[in-house]
């Protein structure tokens, strides 16, 4: 995209290689703080009202420390999968574009926290947009659920998107439910900023292929041989044989039945 190329020419030197390592490191610090009970999740999540009225500015960064779980086993797999998909995206996009994707989600998340200062904001959904991006670019990569069931990542991406939509439709009015809905909107907004053009082009390409297929099938259904006398074709009379005129003009431009009838006369 042109706007990304322009930004990269100007700010490309600021990009951080292997950004996923630092993001995982932040969450690892959060895990240590939570497991050692030096702090609580209530002190880490982003809460716009606390930032504005209590001066708790650390929340602008600390919400990035919130892990999905404190289970060592699930943490290992979560960190591994996030590193793997982030590394793949960085190799595919380049360091700057991956950094920009993360920064976009981060900034949109912070902005929404001040649009509705009373809601509870976490990093769950905008980091989930990273998975949606991976599923879009590498749809045929296979993951093994529970280490056994092979599933292509595109289906997991669709499942994630459906889950986000259901979250968006959640009628709850609490601070957590509101934060989840805004988090989903941030995830979709971040995703669409980077993929809307590709999605539109994909739809157009599908439509073009459909039109081409229909035209091709229509041509295949058209008769290639038509008797110049009775109008029979190989479609209407597949048992007939058709002959073509020679360059000398000494020929019969019709089907075998009409030719035989002409010969008898």
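In the working numbering, the protein residues as written are 17 to 281.
We put the CB at the ideal spot given by N, CA and C, even for glycine.
Since the structure is predicted, the reported quantities are computational estimates derived from the model, not experimental observations.
Asked, Found
"Residue 173 beta carbon less than 9 Å from that of residue 204", "no"
"Cβ shell of residue 29 (< 6 Å), same chain only, five flanking positions each side left out", "none"
"Secondary structure of residue 280, DSSP reduced to three states", "Low per-residue confidence applies at residue 280: pLDDT is 43, beneath 50, and the placement is therefore not dependable enough to give any value."
"Residue 40 (DSSP reduced to helix, strand or coil)", "helix"
"Exposure label - residue 156; buried when at least 16 CB within 10 Å", "exposed"
"Residue range of the unbroken beta strand (DSSP E) whose run includes residue 158", "158-161"
"Rounded separation between residue 207 and residue 76 - CA only", "22 Å"
"Cβ-based burial, residue 26 [other Cβ within 10 Å; buried from 16]", "exposed"
"Neighbour-count burial assignment, residue 63, 16 or more Cβ in a 10 Å radius", "buried"
"The alpha helix (DSSP H) enclosing residue 136, as first and last residue numbers", "Counting along the chain, residue 136 falls outside any alpha helix (DSSP H), and DSSP gives it neither H nor E."
"Residues near residue 86 by beta carbon distance below 7 Å, same chain, minus five either side", "47, 50, 51"
"Separation of residue 55 from residue 218, as counted between CA atoms", "47 Å"
"Validate contact between the segment 103-122 and the segment 173-184 using beta carbons, cut 8 Å, 3 pairs", "no"
"Integer Cβ distance of residue 82 from residue 139, believed to fall under 8 Å", "6 Å"
"Closest by C-alpha distance to residue 23, when choosing among 120, 96, 58", "120"
"Where residue 199 falls, given that 16 or more other Cβ within 10 Å makes a residue buried", "buried"
"Sequence-distant residues of the same chain with beta carbon closer than 7 Å to residue 280, five excluded per side", "Because residue 280 sits at a pLDDT of 43, beneath the cut-off of 50, its placement in the model cannot be relied upon, and the following sentence gives the value as read from the coordinates. Result list for residue 280: empty, nothing under 7 Å."
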